[in-house]
Ligand code: 4FM
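In the numbering used here, the protein residues as written are 1 to 249.
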């Protein structure tokens with residue numbers, strides 16, 4: 001998959017290119033990140049990209065012309081939607097990440113300062129997306145969040161075929177607790193079922209723990225969710241208090 005990123009801070013994306021799963025995907029040519037700097041499209045001597053807001057007020061805005069020239073060049077050579085990262089956008093969730101992961105290419109537009117000229121959003125942005133209800137200083141970290149979340153779903157990246165979507169049941173349920181060696185850590189034991197070797201009991205314990213956690217921490221996930229019969233019956237026994245496992249959840 002290819003990401004075109006419009007940003008005045010392209011070096012920030014070295015974090016993805018140089019580390020972790022995104023680095024692995026770049027090395028295996030499963031991921032391409034190309035940054036486009038609006039400053040390179042400014043025509044004045046000072047290569048200015050910001051200007052003062054009409055109507056007054058504090059701070060600066062990204063001026064439309066360099067950004068427009070930059071985006072027009074990206075659109076000339078690139079495929080897929082232009083996504084603008086901002087707190088005003090539609091909240092991203094795992095199903096949104098999944099639909100991005102099916103695209104061969106997309107463009108992420110990162111703003112800085114107090115905002116970008118609205119006419120640029122009107123004329124050149126397909127979707128406005130927010131990664132959460134908090135205010136960052138620019139769109140770059142949001143773009144990096146999208147790239148990392150999308151890349152781990154691309155088939156063949158990480159060897160994800162089992163782990164990527166299964167680890168959270170496709171975003172429907174929260175993950176269960178995990179344990180590794182030693183068997184006792186600071187006098188805390190690993191749940192004995194995980195040491196038993198009974199694979200079906202382990203599978204049930206994990207499913208049960210996932211449903212209990214979800215009910216306690218994110219009950220809204222269980223409203224209108226597509227649980228199977230086994231999951232529904234586990235949820236009912238949890239609601240009746242007849243569930244023996246998961247004491248703290
Ligand atoms: C965005 C600052 C554009 C300045 C931001 C400009 C954000 C979020 C966010 C800050 N992005 N989800 N929340 N961006 O806070 O995606 Cl011009």
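Each residue gets a CB set at the ideal place from its N, CA and C atoms; glycine is no exception.
Start and end of the alpha helix (DSSP H) containing residue i?
i           : result
residue 214 : 199-217
residue 135 : From DSSP, residue 135 is part of no alpha helix (DSSP H); its letter is neither H nor E.
residue 250 : Nothing can be reported for residue 250, as the shown portion of the chain is limited to 1 through 249.
residue 82  : Not the alpha helix (DSSP H): residue 82 falls in the beta strand (DSSP E), residues 82-91.
If you draw a straight line from the alpha carbon of residue i to that of residue j, how long is it in whole angstroms?
i           : j           : result
residue 94  : residue 29  : 24 Å
residue 133 : residue 87  : 6 Å
residue 20  : residue 101 : 18 Å
residue 24  : residue 180 : 25 Å
residue 184 : residue 237 : 30 Å
residue 199 : residue 75  : 51 Å
Apart from the five residues just before and just after residue i, which ones in its own chain have a Cβ nearer than 7 Å to its Cβ?
i           : result
residue 222 : 214, 215, 235
Under 8 Å: does the beta carbon of residue i sit that close to some heavy atom of the ligand 4FM?
i           : result
residue 134 : yes
residue 48  : no
residue 112 : yes
residue 129 : yes
residue 38  : no
residue 149 : no
residue 139 : yes
How should residue i be labelled, buried or exposed, when 16 other C-beta atoms within 10 angstroms of its C-beta is the threshold for buried?
i           : result
residue 118 : exposed
residue 4   : buried
residue 155 : exposed
Apart from the five residues just before and just after residue i, which ones in its own chain have a Cβ nearer than 6 Å to its Cβ?
i           : result
residue 176 : 206, 209, 210
residue 115 : 61
residue 67  : 38, 120
Along the beta strand (DSSP E) that carries residue i, what are the first and last residues, could you check?
i         : result
residue 5 : 2-6
I'd like the list of long-range same chain contacts for residue i, defined as Cβ closer than 8 Å, with 5 residues on each side in sequence excluded.
i          : result
residue 64 : 116, 117, 119, 120
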